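Some notes on the structure that comes next.
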Amino acid sequence: MCFELCSVVFTQMMAIPLGSADSSQVAVALPIHFIALSYLIYRRAAIVDPTRLLLYVGMAATAIIFHIRLSDGSYSPTSLALFICIYSTYIFVIPIERADYIRVVKFFILIATVASCLVWLDWLTQIVGLGKIDLYHVLPRPFQYRDYNYLKRFWFGPIRIQPNGIIFLESSHVSQFIAMALVCEIVLFMRIKRMLFLGLSLLGTIGGSGLGVALLTFPFLLPKLRGPLLLGVIVGAPVAIVLALQIGLVDNIARRTTEFDKADGSANLRFIAPMQAVAQAATGPVDDFLLGKGAGTMPRGKSFLKAFTWAPYSKVIVEYGAICAVFWFFLTCFGTFRRGVPFAISWSLFIQYHLMNGSLNVPLHTIYIFVLSGAYIISERSEGSEKRRVPVRYDRENSFRLTGKQFD
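At position 142 of the sequence shown the residue is numbered 580 (our numbering), and the sequence of numbers has no breaks.
This is the structure in structure tokens:
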């Protein structure tokens with residue numbers, strides 16, 4: 439799982455072209471995900487969850503059946519195939535011990551720490567006049583994962599390009615990545631120096647979406663903030679506000695708040711336009727609302743001549759129909775909120791996927807959910823027992839039964 443996480447993060451700029459269409463491609467992250475999952479299935483470490491399987495079959499079947507009626511070929515078969523393939527991985531679960539889950543999360547925080555260092559490297563190279571390190575355009579065009587605002591203009595002093603951690607598709611992506619790692623750090627480890635560095639790096643991305651993930655998750659983090667840590671937050675908050683003012687983050691957020699009522703504004707396309715699209719579908723023909731207009735039929739959102747994809751829920755409802763959307767929503771919820779995974783971590787993943795990233799058929803974000811939350815059946819070891827692999831078998835009543843003397 440750690441190898442997969444590292445691989446998909448550092449190759450997220452890369453894509454595999456599909457067919458002759460310039461816009462038809464799939465992220466390299468998807469075959470990496472299938473290879474890792476296939477290995478786990480081969481080792482009998484991943485098994486099928488019957489509830490998720492039922493939800494997935496309902497989602498896939500309704501999507502395919504509803505598209506059969508569109509005999510005029512007005513939809514994209516590639517989009518439909520990607521939709522079915524990407525969410526097929528949700529049906530698998532991996533029984534592990536809590537100690538192993540914590541190791542995976544700790545590795546995720548380590549990668550986020552590296553990403554934070556790359557954010558400050560973006561700052562450094564621009565401050566000294568070397569410009570932004572550009573790895574994206576080194577790739578041949580067919581292998582570039584397109585439709586992302588990789589080189590986003592900025593206006594703060596010598597910073598002309600908003601920091602994106604060099605390897606991330608956008609500054610918003612790295613800010614959300616660091617925000618999720620910060621949540622994991624607070625929930626499980628509370629290492630003061632690491633939290634401080636991740637928090638400062640989150641501000642350093644000058645990204646509002648990552649800050650949104652952190653703020654929307656903050657109410658669930660309050661029980662963790664006790665004693666000296668709570669005092670540190672109270673004392674550090676004014677310092678963070680001053681720093682945010684100095685690096686232009688507050689100005690950036692202020693600018694974004696004016697974009698909600700602009701048709702070509704990023705904030706409008708990220709939050710308002712998807713709700714308007716769903717409302718328009720709900721008030722339109724009933725069969726289109728229930729059965730969908732067809733995969734890939736929603737036009738790409740445009741802002742400042744850059745393309746933006748729609749929020750996942752709007753894509754599913756408008757293109758695949760409300761009936762399919764019900765199966766999809768419960769499948770993604772069952773694949774995000776898992777017993778044994780701290781709720782704050784699952785909630786930050788839910789917010790990042792459904793509200794902030796704006797992509798349905800981009801596998802990277804579903805992989806984050808799979809690796810950090812949705813993949814696991816977590817068991818607790820008895821205190822003082824020696825660490826060993828947990829034998830697990832699947833009983834006839836569709837529930838996982840842990841065997842071994844150390845379990846009740």
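Virtual Cβ for every residue (Gly too), placed ideally from N, Cα, C.
Source: prediction; values computed, not measured.
Exposed or buried, residue i, counting other C-beta atoms within 10 Å across all chains shown (16 or more means buried)?
i	result
residue 721	exposed
residue 575	exposed
residue 640	buried
residue 593	exposed
residue 717	exposed
With H, G and I counted as helix, E and B as strand and the rest as coil, what does DSSP make of residue i?
i	result
residue 791	helix
residue 599	strand
residue 593	strand
residue 453	strand
residue 464	strand
residue 445	helix
residue 486	strand
residue 480	helix
residue 817	strand
residue 547	helix
residue 440	helix
Alpha carbons only, please: which of the options is nearest the one belonging to residue i?
i	options	result
residue 762	518, 466, 452 and 463	518
residue 560	486, 474 and 609	609
residue 440	450, 735, 471 and 571	471
residue 655	620, 627 and 634	620
residue 782	590, 622 and 525	622
residue 442	612, 563 and 542	542
residue 466	633, 584 and 636	584
residue 489	801, 765, 805 and 809	765
residue 642	725, 498, 599 and 755	599
residue 634	547, 567 and 589	547
residue 565	545, 525, 540 and 597	597
Could you give the first and the last residue of the continuous alpha helix (DSSP H) run that contains residue i?
i	result
residue 533	Per DSSP, residue 533 belongs to no alpha helix (DSSP H); it is in the beta strand (DSSP E), 530-535.
residue 519	515-524
residue 626	609-626
residue 750	750-753
residue 797	It is not in any alpha helix (DSSP H) - residue 797 carries neither H nor E in the DSSP assignment.
residue 647	646-659
residue 712	711-720
residue 801	801-807
residue 631	630-642
residue 761	760-772
Enumerate in chain order the residues of its own chain whose CB-to-CB distance from residue i is below 6 angstroms, with the five nearest sequence positions on each side excluded.
i	result
residue 712	748, 749 and 752
residue 729	504 and 759
residue 483	532
residue 614	647, 648, 651, 790 and 794
residue 798	750 and 753
residue 780	625
Might you give, ordered along the chain, the residues of its own chain that have their beta carbon closer than 8 angstroms to the beta carbon of residue i, omitting 5 neighbours on each side?
i	result
residue 605	447, 448, 450, 451, 553, 556 and 573
residue 821	Because the pLDDT at residue 821 is just 39, under 50, the model does not fix this residue reliably, and the point stays unresolved.
residue 571	559, 560, 563 and 604
residue 803	790, 791, 795 and 797
Does the ligand FMN have even one heavy atom less than 8 angstroms from the beta-carbon of residue i?
i	result
residue 724	As far as ligands go, the structure on display features none, and thus does not contain the ligand FMN.
Could you name the residues of the same chain whose beta carbon sits closer than 7 angstroms to that of residue i, not counting the 5 residues immediately before and after it, in chain order?
i	result
residue 812	528, 773, 774 and 776
residue 743	Residue confidence for residue 743 is low, a pLDDT of 41 falling below 50, so the modelled location carries little weight and cannot support an answer.
residue 807	773, 774, 787 and 791
residue 508	732
residue 580	455
residue 719	726, 727, 755 and 756
residue 550	615, 616, 619 and 636
residue 444	549
residue 453	463, 464, 465, 466, 581, 582 and 583
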